[in-house]
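Heads up, the thing below is written out as structure tokens.
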Amino acid sequence: MTTVKPVKPFPPELRDWVASHLPGLDANEDRSWPRSTSLVWRVSAASQNAYVKISPNDLDFEREVAGYAFTAAHLSETETPRLLACDPGLRAILSTPLPGSVVRDLPLQASAELRLYEDAGRLLRLWHDASGPGTDADRAAVRSDMEDKAREAADCLEDVAPHLAADRLALVEAASKELPGLAEELPLVYRHGDYETRNWLCDQVTGGHGLIDFAMAAHGVAASEFVWLCGAVWSVRPELREAYFTGYGRPLTAEEDRLLHLLAVRLGVSYLRNGLANDRDELVARGHLVLDRMAAHLP
Numbered sequence: 307m308t309t310v311k312p313v314k315p316f317p318p319e320l321r322d323w324v325a326s327h328l329p330g331l332d333a334n335e336d337r338s339w340p341r342s343t344s345l346v347w348r349v350s351a352a353s354q355n356a357y358v359k360i361s362p363n364d365l366d367f368e369r370e371v372a373g374y375a376f377t378a379a380h381l382s383e384t385e386t387p388r389l390l391a392c393d394p395g396l397r398a399i400l401s402t403p404l405p406g407s408v409v410r411d412l413p414l415q416a417s418a419e420l421r422l423y424e425d426a427g428r429l430l431r432l433w434h435d436a437s438g439p440g441t442d443a444d445r446a447a448v449r450s451d452m453e454d455k456a457r458e459a460a461d462c463l464e465d466v467a468p469h470l471a472a473d474r475l476a477l478v479e480a481a482s483k484e485l486p487g488l489a490e491e492l493p494l495v496y497r498h499g500d501y502e503t504r505n506w507l508c509d510q511v512t513g514g515h516g517l518i519d520f521a522m523a524a525h526g527v528a529a530s531e532f533v534w535l536c537g538a539v540w541s542v543r544p545e546l547r548e549a550y551f552t553g554y555g556r557p558l559t560a561e562e563d564r565l566l567h568l569l570a571v572r573l574g575v576s577y578l579r580n581g582l583a584n585d586r587d588e589l590v591a592r593g594h595l596v597l598d599r600m601a602a603h604l605p
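Numbering-wise, my numbering comes out as the position in the sequence shown, counting from 1, plus 306.
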């Protein structure tokens, strides 16, 4: 039986705010992801369409607004949307639509998929190359984040030990020891922060590639952009990794590749522990899948 996603109501105060920027507002359509923190609507006023989003917290709102300013300066209006208005009190963001469809679950022929991944790598390289080097505060934040991830991996070891083979446990232990040191040696870039296929758009008419959602944009090491792709896609589709880094314009260094691998291990063991603790079989299966893939594809 198909589960129907509940429609999230359009708040009256948000409607009034949008109408003040789009006179003649006459329609809205819920476009949220199926999670409680996702609040997105497509709105229209006569022939003008836009998207409005309520950020779940102040940090996401600030990052997203900063991301819009960055992309307006460095990427084209067909590659990223443009900010029309924002309101910190409502944490509301009104932006232009981009042509195309969300790539996640979009059926694509193999040749089109290869081109898409190459273009995705090219677009992210443009983003990274336009970014500043980061500040001492940015470096401190990255250091703290990597230390937290290393501690999480260490904390997971005892809980998952009965459920993992020795080689998988060795990878988790390596993540608990190596993540901070690896990240410390790498330069910082301004990252998109959530560079997954759910935030890629593909215009199948023109072949254009677009990018949305800047709520996680912040400085970090470049390799940390690729964790989801590494664990979910590239380990079983190496040709897509090759296409991606062809577009990106350079391969990862040995240090970046090791960091990426261990970040994916940390993600996998986190899935596993959470699944075991909360009796969620789908998380247990996802955790094992990621760890199996990382064990099979050591850098």
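The beta carbon of each residue, even a glycine, is placed where N, CA and C say it ideally should be.
This structure is a prediction, so every number in the text was calculated from the model and none was measured.
- Message: Just to confirm before moving on: does the CB-CB distance between Gly553 and Arg431 stay below 9 Å?
- Response: yes
- Message: Just to confirm before moving on: does the CB-CB distance between Val478 and Arg543 stay below 9 Å?
- Response: no
- Task: Using a threshold of 9 Å, state whether the C-beta atoms of Leu589 and Tyr577 are closer than that.
- Result: yes
- First and last residue of the uninterrupted alpha helix (DSSP H) at Asn580: 560 to 583
- Query: Cα separation between Trp347 and Cys536?
  - Reply: 31 Å
- Message: Quick check: what's the CA-CA separation for Pro403 versus Ser350?
- Response: 11 Å
- How many Å lie between Ala325 and Asp519 at the Cα? 22 Å
- Query: So Cys508 is in the beta strand (DSSP E); what residue range does that whole segment cover?
  - Reply: 506 to 508
- What do you get for Val313, buried or exposed, if any count of 16 or more other CB atoms within 10 angstroms of its CB means buried? exposed
- Note down the Cα distance separating Gly440 from Ala378, rounded to an integer number of angstroms. 19 Å
- Report the residue from Asp393, Gly373, Asp587 whose alpha carbon sits nearest the alpha carbon of Pro387. Gly373
- Query: If you draw a straight line from the alpha carbon of Glu385 to that of Arg337, how long is it in whole angstroms?
  - Reply: 20 Å
- Should Pro486 and Met522 be called a contact, given that it needs their Cβ atoms to be closer than 9 Å? no
- Message: For Glu531 and Glu562, I'd like the C-alpha separation in whole angstroms.
- Response: 11 Å
- Query: Which residue spans inside the stretch 444 to 513 form an unbroken alpha helix (DSSP H) run of at least 4?
  - Reply: 472 to 490
- Three-state secondary structure (DSSP) at Arg592? helix
- Same chain, Cβ closer than 7 Å to Tyr501, five either side skipped, listed in chain order: Leu430, Glu531
- Message: Let me check one thing: in DSSP terms, what residues is Val358 bridge-paired to?
- Response: Trp347, Leu400
- Message: Is it the case that the stretch 436 to 450 contacts the stretch 463 to 479, given that we only count it when at least three CB pairs across the two stretches are under 8 Å?
- Response: no
- Query: Can the beta-carbon of Leu320 be found less than 9 Å from the beta-carbon of Val371?
  - Reply: no
- Cα separation between Ala489 and Ala436? 21 Å
- Item | Beta bridge counterpart(s) of His515 as assigned by DSSP | Cys508
- Message: Determine whether the beta carbon atoms of Leu546 and Gly406 lie at a separation below 9 Å.
- Response: no
- How big is the Cα-Cα spacing for Ser382 and Gly581? 41 Å
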